[in-house]
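Undergrad: Provided herewith is a single structure, encoded as structure tokens, for subsequent inquiry.
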DNA sequence: GACGTTAGTTACGGTAACTTACTAACAACG
DNA sequence: CGTTGTTAGTAAGTTACCGTAACTAACGTC
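Protein chains in written order, with this note's numbering: chain E, -18 to 375; chain P, -18 to 375.
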């Protein structure tokens, strides 16, 4: 490491510690940061001074906590930078703008059916919504734009390889977005929606390691190691949907046999429950609850998930599973079935209990996660953003 | 990061780059290190000077390569520090002492059946062999001792939880070893033998990501991400042996059903081939090759492995698989079967070919890996070893 | 033997972080 | 109401690391 990078590294450390503290609990002081980062007080003061001058951090009113001089609370600056999340889903397009503090500066959503033929329209709409968000946020400097898509994305150029839910194949999403004037000169990335959803979960479980399973159209997911999202070669790590749970079993929409999704995807469940294709994902659970064979269906879902989870836990040696999406509302019922299956097959249980937990169901975690991801460059390299913020308004 | 750590960090960087260069190809010069580490020549010179003075690095005779001043080749110092690997296996106990250059300073091995009742004897023998190694190496300062055991080890205190191959359960291995005078004051760690074997493989594939599968008594393995061994919560990540490949299938020795090991472990194969339990692991492949149903057996192994591999590849999103142990000699025959199964089930194939490769069969990779692991502290924190080496002898 | 080239060193300067010692602002106590 | 103790934050000076620029060293080539 070169000495010039040392400052950058420490700036990043301080800003990250500051953000972590202010999301979790009470804001933190310079002295507190010094303790957490193991840097000295003068060093932290200098770094904080730099961050405050650059409008990346703001000081609050001094707070007295018992004896001693009151601390000056530090928080990520509000309203100085704009991070933008976009979401393209089967029935809507949305855009969310947040600032460094995670505060929502603007939220735009349009409900519209997105299909293969309307791909261009959806992309145009996304650009338009993004334009509205930028305007409503007061034309702040934009950190980055991250687009959530329910499909597979080529890591190099942001092409959507396939998004079954949208009926998209080979859509050059990022390229098309960049062609719009609203996005001129911006940095745009696309990501799988499930992988972005998990970012919201990571915020609530800093530094933890867990498997994340999300039921939406298919079964998506992610692997989180020590608070960091595992990527894999193509950025697809944690795609549990096509884990084989029964060799030669039911045929999956992907053409393979015995995939988890052949048993517990939205479509598989809908068909099994004898429901029409007009039942929304959100209503699937409720529709199931009306049926007499509910327990049986829950049991089937639980055993299928349990097998996939057990294998994943064996390979990864983790002990925590977080259920999200339409799995979250039935997590309590699924838990005993999954637990039984996991305990039959997973090795990790030898060392202690496996935790099967429910996600703290945030509204639209994918969109929020996309915006959070768009914030990341600032925390990774604060130095690059010094001098590029809008001066504080209030 | 504190400024004092910067030096340590750069020392580590330089030493690691130096070691990497000298294992792979021709030794490297100060100028070469400067290029690789992106530090400047004067900085590298200063750091190298420190390492040379500390007897961690040694200079060779200048080598002229075309025009310009000849370079001074730098290599990790030989015979100044001792890293010790121990191995406790079903039929032998061994000890290997190497120096920073990876050169073998002493190798001791005793063939003896190790079982539950002879656990104490085996540990005594290990300590004795270690004493011989230290003596033969000339009482050099010992970096660390790492013990390879074919079983599960508690990460906190080095207890062997279970080692089916040795018939051990709950053996306080590290504690017992430390009680011997030969190991007084040394740092001792225990590790699973398969996880240590993979270190030898990592040396040959620096920075790569792959799944490692090793056939010995059971099917062990490891997951390597960007050249780093994945640990998991208990240090068991990559234990593929008990991946479920057929729910409700054959009963495994672990008591579960449908495990991979229930189909392709040494015992399972031996029984299937109708061989007695006097066939050594090393001879298993040869014994199989004499049978008329060889192709069928290979097919069964390949399909079983393929399923486990496909699921692991799906979850981890990796594209390379390395086969080792008794799987290595039949890797060429297994490859087409595994490939077919993987292509039927794994998603990664959509993005390109999955590579199924054979390990560069080193002799006794577990023991060698243990010694390599025992070397690691020096590369991680060279500063701590400055002033603690034995002065060069030759 | 002058020149170009590559390896490595020397001298110097900038910068970041640490040490020490201070001031600031409060509570508790008598 | 001052004194004392405690915690937050600042100021000044020092240390140490690394980078820059310019050098020397040791070769091959023309």
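Every residue gets a Cβ at the ideal spot worked out from N, C-alpha and C, and that includes glycine.
1) Mind checking residue 247 of chain E: buried by the 16 CB within 10 Å criterion, or exposed?
2) With DSSP as the reference, identify every bridge partner of residue 9 of chain P, one or two as the case may be.
3) Kindly list the residues whose CB is nearer than 7 Å to the CB of residue 312 of chain E, restricted to its own chain and excluding five residues on each side of it in sequence; keep chain order.
4) Can you find the residues in the same chain that come closer than 8 Å, C-beta to C-beta, to residue 13 of chain E, ignoring five residues on each side of it along the sequence?
5) Could you compute how far the alpha carbon of residue 315 of chain E sits from the alpha carbon of residue -6 of chain E?
6) Does the Cβ-Cβ distance between residue 251 of chain E and residue 260 of chain E come in under 9 Å?
7) How would you label residue 334 of chain P, buried or exposed, when you count the other beta carbons within 10 angstroms and need 16 or more for buried?
8) Identify every run of the alpha helix (DSSP H) within the stretch 305 to 375 of chain P, keeping only runs that are complete inside it and at least 4 residues long; order them along the chain.
9) Please classify residue 193 of chain P as buried or exposed, where buried requires at least 16 other C-beta atoms within 10 Å of its C-beta.
10) So, is residue 374 of chain E buried or exposed, given that buried needs 16 or more other C-beta atoms within 10 angstroms?
11) Can you give me the C-alpha to C-alpha distance between residue 249 of chain P and residue 223 of chain P, rounded to a whole angstrom?
12) Taking the beta strand (DSSP E) that residue 24 of chain P falls in, what are its first and last residues?
13) Thinking C-alpha only, which one of E:60, E:172, E:46 and E:37 is nearest residue 137 of chain E?
14) Please go through the same chain and pick out, in chain order, the residues whose beta-carbon is closer than 8 Å to the beta-carbon of residue 376 of chain E, but skip the five residues on each side of it.
15) With respect to the alpha helix (DSSP H) encompassing residue 67 of chain P, which residues constitute its N-terminal and C-terminal limits?
16) Run through the DSSP bridge pairs and tell me what residue 192 of chain E is partnered with.
17) Counting only the same chain and skipping the five closest in sequence on each side, list residues whose C-beta sits under 8 Å from that of residue 295 of chain P.
18) Taking the C-alpha atoms as reference points, what is the distance between residue 359 of chain P and residue -2 of chain P?
19) Count the other CB atoms, across all protein chains shown, that sit within 10 Å of the CB of residue 273 of chain E; report buried if there are 16 or more and exposed otherwise.
20) Anything in chain E within Cβ reach of residue 190 of chain P, meaning under 9 Å, just list it in chain order.
21) Strictly below 7 Å CB to CB, what residues from chain P border residue 360 of chain E?
22) Taking the beta carbon of residue 44 of chain E as the centre, do at least 16 other beta carbons fall within 10 Å, making it buried, or is it exposed?
23) Establish whether the CB of residue 13 of chain P and some CB of chain E are separated by less than 9 Å.
24) Spell out the partners DSSP gives residue 40 of chain E in its beta bridges.
25) In angstroms, rounded to a whole number, what distance separates the CA positions of residue 282 of chain P and residue 179 of chain P?
26) The beta strand (DSSP E) that contains residue 78 of chain E, what's its start and end?
27) Taking the C-alpha atoms as reference points, what is the distance between residue 452 of chain P and residue 63 of chain P?
28) In the DSSP output, what is residue 133 of chain P paired with across the bridge?
29) Does the CB of residue -6 of chain E have a neighbour CB from chain P at under 9 Å?
30) Can you give me, in chain order, the residues of the stretch 275 to 295 of chain E that have a beta carbon less than 7 Å from any beta carbon in chain P?
TA: This is what the structure gives:
1) Working through the first chain from its first residue, we reach residue 247 of chain E at position 266. Classification of residue 247 of chain E: buried, given that the 10 Å Cβ count is 16 or more.
2) By 1-based counting over the second chain, the position of residue 9 of chain P is 28. In the DSSP secondary-structure assignment, residue 9 of chain P is bridged to P:55.
3) Here residue 312 of chain E is taken as the residue at index 331 of the first chain, counted from 1. Answer for residue 312 of chain E: 304 and 339, listed in chain order.
4) Along the first chain, read from residue 1 onward, the residue named residue 13 of chain E stands at position 32. Scanning its chain for C-beta atoms nearer than 8 Å, with the 5 sequence neighbours on each side dropped, one finds around residue 13 of chain E the residues 2 and 52, in chain order.
5) Within the first chain, residue 315 of chain E is the residue found at index 334, counting from 1. Within the first chain, residue -6 of chain E is the residue found at index 13, counting from 1. For residue 315 of chain E and residue -6 of chain E, the distance between alpha carbons rounds to 40 Å.
6) Taking the first chain and counting its residues from 1, one reaches residue 251 of chain E at position 270. Taking the first chain and counting its residues from 1, one reaches residue 260 of chain E at position 279. Yes.
7) By 1-based counting over the second chain, the position of residue 334 of chain P is 353. With fewer than 16 Cβ atoms within 10 Å of its Cβ, residue 334 of chain P is classed as exposed.
8) Annotation: the stretch 305 to 375 of chain P contains the following complete segments of the alpha helix (DSSP H) (minimum length 4 residues), in chain order: 312 to 326 and 346 to 361.
9) By 1-based counting over the second chain, the position of residue 193 of chain P is 212. For residue 193 of chain P, the number of other beta carbons within 10 angstroms of its own is at least 16, and it is reported as buried.
10) Here residue 374 of chain E refers to the residue found at position 393 of the first chain. At residue 374 of chain E, the pLDDT of 43 sits below 50, so the modelled position is not reliable; the number obtained from the coordinates is stated separately. Per the 10 Å Cβ criterion, exposed.
11) Residue mapping note: residue 249 of chain P aligns to position 268 of the second chain, counting from 1. Residue mapping note: residue 223 of chain P aligns to position 242 of the second chain, counting from 1. Going by C-alpha positions, residue 249 of chain P is about 13 Å away from residue 223 of chain P.
12) Walking along the second chain from the start, residue 24 of chain P turns up at place 43. No beta strand (DSSP E) holds residue 24 of chain P; the alpha helix (DSSP H) holding it covers 22 to 34.
13) Your numbering for residue 137 of chain E matches position 156 in the first chain. For residue 137 of chain E, the closest C-alpha among the options E:60, E:172, E:46 and E:37 is that of E:172.
14) Only positions -18 to 375 of chain E appear in the structure, and residue 376 of chain E is not among them; the question remains open.
15) Taking the second chain and counting its residues from 1, one reaches residue 67 of chain P at position 86. It is not in any alpha helix (DSSP H) - residue 67 of chain P instead sits in the beta strand (DSSP E) that spans 63 to 69.
16) Within the first chain, residue 192 of chain E is the residue found at index 211, counting from 1. Residue pairing from DSSP places residue 192 of chain E in a beta bridge opposite E:204 and E:302.
17) Counting from 1 along the second chain, the entry for residue 295 of chain P is found at position 314. If you ignore the 5 residues before and after residue 295 of chain P, its C-beta comes within less than 8 Å of the C-beta of 326, 327, 328 and 329, all in its own chain and listed in chain order.
18) Along the second chain, one-based indexing puts residue 359 of chain P at 378. Along the second chain, one-based indexing puts residue -2 of chain P at 17. Using only the alpha carbons, I get a separation of about 13 Å.
19) As a working mapping, residue 273 of chain E is identified with position 292 in the first chain. Exposed: under 16 other Cβ atoms inside 10 Å.
20) The sequence position of residue 190 of chain P within the second chain is 209, counting from 1. Within chain E, the residues whose beta carbon sits less than 9 Å from that of residue 190 of chain P are 213 and 214, listed in sequence order.
21) Indexing the first chain from 1 puts residue 360 of chain E at position 379. Against chain P, a Cβ distance below 7 Å from residue 360 of chain E picks out nothing, because the smallest value is about 16 Å.
22) Numbered from its first residue, the first chain carries residue 44 of chain E at position 63. Exposed, because fewer than 16 other Cβ atoms sit within 10 Å of the Cβ of residue 44 of chain E.
23) Indexing the second chain from 1 puts residue 13 of chain P at position 32. Not an interface residue.
24) Walking along the first chain from the start, residue 40 of chain E turns up at place 59. Residue 40 of chain E is bridged to E:55.
25) In the second chain, the residue the question calls residue 282 of chain P occupies position 301. In the second chain, the residue the question calls residue 179 of chain P occupies position 198. C-alpha separation (whole angstroms): 21 Å.
26) Residue 78 of chain E sits at position 97 when you count from the first residue of the first chain. Per DSSP, residue 78 of chain E is one residue of the beta strand (DSSP E) stretching across 73 to 79.
27) Residue 452 of chain P lies beyond the range of chain P shown here (-18 to 375); nothing can be said about it.
28) By one-based count along the second chain, residue 133 of chain P stands at place 152. Answer is P:143, bridged to residue 133 of chain P.
29) The count along the first chain starts at 1 and reaches residue -6 of chain E at position 13. Residue -6 of chain E belongs to the set of residues whose beta carbon lies under 9 Å from a beta carbon in chain P.
30) Taking 7 Å as the Cβ-Cβ cut-off against chain P, the residues of the stretch 275 to 295 of chain E that qualify are 288, 291, 292, 293 and 295.
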